[in-house]
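Have a look at the structure below before the remarks.
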Amino acid sequence: MKCHVVAVGQRLPAWAEEACADYLKRFPPEARVVVHAVKAEPRSEGRPVAAVMAAEAARLRAACPKGAHLVVLDERGQRCTTEELAQRWARWQQRGDDVALLIGGPDGLDPALREQAHERLRLSDLTLPHALVRVLLLEQLYRAWSIHAGHPYHRA
Numbered sequence: 001m002k003c004h005v006v007a008v009g010q011r012l013p014a015w016a017e018e019a020c021a022d023y024l025k026r027f028p029p030e031a032r033v034v035v036h037a038v039k040a041e042p043r044s045e046g047r048p049v050a051a052v053m054a055a056e057a058a059r060l061r062a063a064c065p066k067g068a069h070l071v072v073l074d075e076r077g078q079r080c081t082t083e084e085l086a087q088r089w090a091r092w093q094q095r096g097d098d099v100a101l102l103i104g105g106p107d108g109l110d111p112a113l114r115e116q117a118h119e120r121l122r123l124s125d126l127t128l129p130h131a132l133v134r135v136l137l138l139e140q141l142y143r144a145w146s147i148h149a150g151h152p153y154h155r156a
């Protein structure tokens with residue numbers, strides 16, 4: 001299994017880039033996680049938000065490997081503890097297919113893309129800055145892997 005984090009937005013602050021790079025290098029080769037950043041659609045006056053989200057959804061889909069198990073991060077998604085995420089990680093590994101976790105743009109994800117997803121998760125009940133979402137997701141994926149692998153990173 002290869003885990004793909006596919007996110008709208010190409011530029012992160014230096015602190016977030018550094019944190020993301022740190023977590024990405026921690027994963028072992030058999031639990032590879034890669035990040036794909038896709039261009040955000042320009043938000044111009046008078047342009048419908050639905051059109052913006054549809055264009056970003058097309059970019060997100062294009063960046064996902066064919067046949068990947070799609071998991072969208074959405075404020076209406078299912079709440080999940082770290083231990084439950086570790087169980088999901090184990091299921092994803094057992095399936096053997098690539099997994100793509102999708103992070104939408106400032107307006108969220110296109111409703112059609114949300115409906116096409118195999119799973120919908122929420123990271124928090126709070127509204128989080130985009131850069132922090134990437135860092136938090138990568139940290140939680142690493143923690144989920146560490147629980148599943150019996151690595152001492154996670155201490156309950």
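The opening position of the sequence shown corresponds to residue 1 in this note's numbering, with each subsequent residue numbered one higher. Even for Gly, the Cβ is constructed at its ideal location relative to N, Cα and C. Predicted model only: the values in this text are computed from it and were never measured.
Quiz prompt | 6 Å CB neighbourhood of P65 in its chain, flanking five on each side removed | solution = The residue labelled residue 65 in the question sits at position 65 within the sequence shown. Excluding residues within five positions, the ones whose Cβ falls inside 6 Å are D98.
Practice problem: Tell me, please, which residues DSSP counts as bridged to I103. | Solution: On the sequence shown, residue 103 is found 103 positions in, with the first residue counted as 1. Looking at the DSSP output, I103 sits in a beta bridge with A7.
Quiz prompt | Option nearest V35 by Cα separation, candidates D74, E41, L24, G150 | solution = As a working mapping, residue 35 is identified with position 35 in the sequence shown. V35 has its Cα closest to that of L24, out of D74, E41, L24, G150.
Practice problem: Only counting runs of 4 or more residues, tell me where the alpha helix (DSSP H) segments fall wholly within the region 36 to 118, in order along the chain. | Solution: Entirely contained in the region 36 to 118, the alpha helix (DSSP H) runs reaching 4 residues are, in chain order, 49 to 63, 82 to 95, 111 to 116.
Quiz item: Looking only at its own chain, which residues have a Cβ that is under 6 Å from the Cβ of H118, when we skip the five neighbours before and after it?
Solution: As a first step, residue 118 is located in the sequence shown; it is residue number 118 there, counting from the start. H69, L70, listed in sequence order.
Exercise. Using the Cα positions of P152 and R26, report the straight-line distance between them to the nearest angstrom.
Key: Here the question's residue 152 lines up with position 152 in the sequence shown. Here the question's residue 26 lines up with position 26 in the sequence shown. Taking the straight line joining both Cα atoms gives about 13 Å.
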